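In the working numbering, the protein residues as written are 118 to 219. The C-beta atom is built at its ideal place from N, Cα and C for all residues, glycine as well. The structure presented is a predicted model; accordingly, all values stated were derived computationally and were not measured. Written out below as structure tokens is the structure these notes cover.
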């Protein structure tokens, strides 16, 4: 019964997340028409990336049991290291001064 409630809740959350993503994508530029500027494009792309990361987390909830091989674990650690570098780069691009000093 509890598992069924969790599954329903997760399904509803996925539907709502997908709707919010579609709404953001179809919203377009805030002022006037034409192509979005670079800052607006970066903000839009970061929102999409956040949506993808949220979906990723929902696919592998804390209750998931993951048994990695040594190769898989090394690949995951490499990917996480790259993501950490990219996150710092993005923070610097959007003006987070504290990221530049880390």
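- If you draw a straight line from the Cα of residue 185 to the Cα of residue 154, it is about 42 Å long.
- Following the DSSP letters along the chain, one finds residue 199 inside the alpha helix (DSSP H) bounded by residues 187 to 210.
- Short of 6 Å from the beta carbon of residue 201, and not among the five residues preceding or following it, lies no beta carbon of its own chain.
- Judged by their CB atoms, residue 172 and residue 134 are nearer to each other than the 8 Å cut-off.
- Looking from the CA of residue 130, the closest CA among 175, 160 and 140 belongs to 175.
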